[in-house]
Amino acid sequence: MPELAEVEFFRKRWHQAAAGQRIAAVRLHPKAKIFRGANPAALRRALTGAKLLSSATAAKQMLFRFGGDAWLGLHLGMSGDLRVESVDYEPTRHDHLVLVTKQHALVFADPRMFGRVQFHKGARPPAWWTKIAPAILSRDFTAEAVSTFLRRRARAPIKAVLLMQERFPGVGNWMADEILWRAAIHPRRPAGSLLPAEIKALWRESRRVCRLALATIAGRGDELPRDLNVNIPDTWLFNHRWAGGGRCPRTGVPLVREEIGGRTTCWSPGRQKMR
DNA sequence: GTGCTTGTTGGCCA
DNA sequence: GTGGCCAACAAGCA
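When we follow the numbering used here, the leftmost residue of the first sequence carries the number 45, and every step to the right adds one.
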């Protein structure tokens with residue numbers, strides 16, 4: 045499920061419940077696949093008794109900083125989510141990591157286990173975190189950088205290129221379709237075939253979709269929506285893309301769904317042409 | 001049973 | 001070495 049804004053929503057949910065709080069207990073199944081490459085025993089030792097100091101999101105990654113130079117990295121994969129339950133919550137089958145504070149149980153659940161838990165000890169954040177590409181809403185995400193990247197990936201369909209985290213961190217399947225729909229670019233167009241005006245539109249709409257998605261899904265400031273996707277307006281492609289029989293909210297034309305770059309892709313033939 | 005699924009990675013091949 | 005494609009990972013849902 046989670047892309048840029050959903051990840052921020054989940055981070056905020058844990059943060060609001062537990063920032064400044066001490067972790068009284070850590071419950072986990074060390075054999076769960078989400079711990080691959082991590083050391084669950086060391087994680088449990090370090091977090092038990094530690095305070096949650098701060099947290100951040102970058103791309104689809106989350107990083108929670110605890111006292112004692114302990115860092116918890118989370119990636120939600122395809123089916124992960126974070127919840128806040130009562131302190132006496134009993135973990136069920138897919139609840140792989142639970143951090144218990146005085147008042148809450150912070151739960152990381154992931155049925156498919158494509159997600160990942162990373163643990164790091166040190167004064168500085170881990171290398172995998174600092175190497176994440178500059179955010180789309182940062183100054184480093186320029187139209188020139190996009191243009192250069194598209195030239196290097198000239199033969200790949202633009203839809204596949206938008207999913208590359210090294211240049212479009214946080215963009216996932218629905219955001220990529222939303223960006224292309226707004227920029228009026230057919231998802232099957234080779235990246236190298238885009239005209240300068242189209243590259244500019246792609247850059248602009250990438251930023252717009254990130255900004256709108258964050259405000260709508262994760263909420264502004266301290267506000268946190270009751271649940272995911274409750275506020276998404278019908279003017280977005282998002283609300284029409286899944287169900288069969290969906291129509292383009294701008295042209296009324298029936299939407300098309302095909303596999304592009306190995307992912308189901310939805311577009312409006314009314315506004316997205318091959319040339 | 002069949003055929004999907006908002007993600008990432010490693011192997012293969014040109 | 002680089003770029004592009006594809007299967008695999010695993011479990012739930014219609």
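A virtual CB, placed ideally from N, CA and C, is assigned to each residue, including glycine.
What you are looking at is a predicted structure, and each value in this text was computed from that prediction instead of being measured.
Distances from the CA of D278 to each of H148, T260 and A61 were compared; the closest alpha carbon is that of T260. Only residues of its own chain outside the window of five on either side were considered, and among them P178 have a CB closer than 6 Å to the CB of D184, listed in chain order.
Bounds of the alpha helix (DSSP H) holding F54 are L48 to A62. Here R195 is exposed, its C-beta having fewer than 16 other C-beta atoms within 10 Å. Looking at G290, R285, A257 and A287, the one whose alpha-carbon comes closest to that of V274 is A257. Counting the other CB atoms within 10 Å of its CB gives T174 a total below 16, which places it among the exposed residues. The three-state secondary structure of M106, taken from DSSP, is strand.
It is roughly 14 Å from the alpha-carbon of P293 to the alpha-carbon of A287. Partner residues in the beta bridge of P234, as assigned by DSSP, are P201. L181 counts as exposed, since fewer than 16 other beta carbons sit within 10 angstroms of its beta carbon.
The DSSP assignment places 84-91 as complete runs of the alpha helix (DSSP H) inside the segment 60-101, in order along the chain (cut-off: 4 residues).
Between C310 and L299, the alpha-carbon positions lie close to 7 Å from each other.
Per the DSSP secondary-structure output, F152 pairs in a beta bridge with L126 and L141.
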